[in-house]
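Step one of this worksheet: look at the structure below.
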């Protein structure tokens, strides 16, 4: 027995439903993939020299605002870059480490500050370094995410100059969330596989018992792991230079 012919209207409805399902699928796939950043990640340090960083020896640092190692590395790193500017430039990538509960909030705060007042980004980073204890895990264990965001906003206005409410509204801006994610993925994408494996091997020696390789890798201070950033000083940089040119 032959099937009854479908009406033209029914065929159109089925075609429209299939098209809508296909579009929804591809949109979900695109949303799941990492989006292309609108510009190079990170914050260039300095005034006019920062604009010409492509023509200099570029130092890229991955710093967590709540990490003591990042805090200890910052002053000597900044001193070395200022000593050899404009031949040396610095870009800092915010890098939220997973064992600091609100590190991602702190990195988002840097992007909020940069959006509201570009000259306030590094002053805010230094404020975080000076007030790490206030946002440590032990100090925030009983606080909600919203409360911590408000406290960070109160501190941030000292550097940014805007109102607390205006700064706090930046935590609701999806763009600051995506920007902080891009910063994290930037380092992950830049580390060669061989370096990751050697870092994991090194982390086994330093890790606490019971930690996996992926957890232990974060026990090594942030930076170029084979060259501890926290030990950088001007004399060491000077020893690597001949007639003002960095040597291998």
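In our numbering, the protein residues as written are 1433 to 1680.
Glycine included, every Cβ here is placed at the ideal spot set by N, Cα and C.
Quick caveat, the model's predicted, so the values are computed rather than measured.
Between which residues of its own chain and residue 1613 is the CB-CB distance below 6 angstroms, once the five residues before and five after are set aside?
Once the five neighbours on either side are set aside, residue 1613 has no close Cβ partner at all.
Between which two residues does the beta strand (DSSP E) containing residue 1575 stretch?
Neither: residue 1575 is in no beta strand (DSSP E) and is coded neither H nor E.
Rounded to a whole number of angstroms, what is the C-alpha to C-alpha distance between residue 1646 and residue 1619?
Because residue 1646 carries a pLDDT of 41, less than 50, the predicted location of this residue cannot be relied on, and the following value inherits that uncertainty. Rounded to whole angstroms, residue 1646 to residue 1619 spans 15 angstroms at the Cα level.
Let me know the secondary structure DSSP gives residue 1494 once reduced to three states.
In the structure shown, residue 1494 sits in a strand (DSSP, three-state: E or B).
Along the chain, where does the alpha helix (DSSP H) that runs through residue 1502 open and close?
Its alpha helix (DSSP H) spans residues 1500-1516.
Taking the beta carbon of residue 1507 as the centre, do at least 16 other beta carbons fall within 10 Å, making it buried, or is it exposed?
Classification of residue 1507: exposed, given that the 10 Å Cβ count is below 16.
Is there contact here, the stretch 1554-1566 with the stretch 1588-1595, by at least three beta-carbon pairs under 8 angstroms?
Touching, yes.
Rounded to the nearest angstrom, how far is the Cβ of residue 1518 from that of residue 1539, given a contact under 8 angstroms?
Rounded, the Cβ-Cβ distance is 28 angstroms, inconsistent with contact.
Assuming residue 1544 contacts residue 1476 under a Cβ cut-off of 8 angstroms, what Cβ separation, rounded to an integer in Å, is found between them?
Not quite, the Cβ-Cβ distance comes to about 18 angstroms (not below 8 angstroms), so this is no contact.
What's the C-alpha gap between residue 1541 and residue 1584?
Residue 1541 and residue 1584: Cα-Cα distance of roughly 8 angstroms.
Between the alpha carbons of residue 1601 and residue 1577, how many angstroms are there, rounded?
Taking the straight line joining both Cα atoms gives about 14 angstroms.
Between the Cα of residue 1488 and those of 1604, 1520 and 1472, spot the shortest distance and give me the residue it belongs to.
Here the closest residue by C-alpha is 1520.
Given this structure, state the Cα-to-Cα distance separating residue 1579 from residue 1571, to the nearest angstrom.
Distance between the alpha carbons of residue 1579 and residue 1571: 12 angstroms.
Would residue 1576 pass as an interface residue toward chain C - the criterion being a Cβ-Cβ separation below 8 angstroms?
Among the chains in the structure shown there is no chain C, since it carries only a single protein chain.
Note down the Cα distance separating residue 1511 from residue 1582, rounded to an integer number of angstroms.
Cα to Cα, residue 1511 sits roughly 32 angstroms from residue 1582.
For residue 1475, does the three-state DSSP call read helix, strand or coil?
Correct three-state label for residue 1475: strand.
In three-state terms, what does DSSP make of residue 1570?
Here residue 1570 sits in helix by DSSP.
Exposed or buried, what is residue 1534 when buried is set at 16 or more other beta-carbons lying within 10 Å of its beta-carbon?
Residue 1534 is buried by the Cβ-count criterion.
What residues in its chain sit with their C-beta under 7 angstroms from that of residue 1536, if we drop five residues either side in the sequence?
Closer than 7 angstroms at Cβ, skipping near neighbours: 1528 and 1612.
Cα separation between residue 1658 and residue 1490?
With a pLDDT of only 32 at residue 1658, under 50, the local geometry of the prediction cannot be trusted, and no value is derived from it.
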